[in-house]
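Note sheet for the following structure.
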Amino acid sequence: MSDERKKIGSIGEKLASDYLERIGYSILQRNFRCRYGEIDIIACNSEYLVFCEVKTRKGSAPLHPSLSVTKAKGKRIRELAGLYLMEHEDETRQPRFDVISVIMNQNHEGTIEHLENAF
């Protein structure tokens, strides 16, 4: 992955985290990593523990960001969430799997679309 793509992705994850906090979620962890992969954002509210996949694209990209989250990617995130929950046995909130799409303009400002229960 190029440095530019990493930068765009990092900015998108920051914008997504800020958005979630604005609408009342607490960010528990960003970039949860283990040897099997990564979950971009783990957040919660009073009801749900939310595992978020963030996809960021420049406004000129031909496809909507959410279209790049395949069934296989969703399955992988569910598996990673299971590992996270094994490490956090006291967690009682219901898990939910969301996709946050960030469409970025030239000034690195993003339009955010939040798809709850995406997979």
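Count along the sequence shown starting at 1, add 6, and that's the number in my numbering.
Every residue, glycine too, gets a C-beta built ideally from N, C-alpha and C.
Between the alpha carbons of Leu69 and Ala22 lies a gap of roughly 19 Å. The stretch 109 to 117 makes no contact with the stretch 78 to 96; the number of CB pairs closer than 8 Å stays below 3. Under the 10 Å beta carbon count, Asp24 is surrounded by fewer than 16 other beta carbons and is classified as exposed. In the three-state scheme derived from DSSP, where H, G and I count as helix and E and B as strand, Ser16 is classed as helix.
Out of Gln100, Ser72, Ser16, Arg28, the CA that lies nearest to the CA of Glu119 is found in Ser72. Taking Leu86 as reference, the option from Gly18, Ile106, Gln35, Cys40 with the minimal CA-CA separation is Cys40. Per the DSSP secondary-structure output, Ile29 pairs with nothing in a beta bridge. Taking C-beta atoms as the reference points, Gly80 and Phe38 fail to come closer than 8 Å. Runs of beta strand (DSSP E) with 3 or more residues, each lying fully within the stretch 33 to 101, are found at 43 to 50, 54 to 64, listed in chain order.
Close CB contacts of Ser74 within its chain, under the 6 Å cut and outside five residues either way in sequence, are with Lys61 (chain order).
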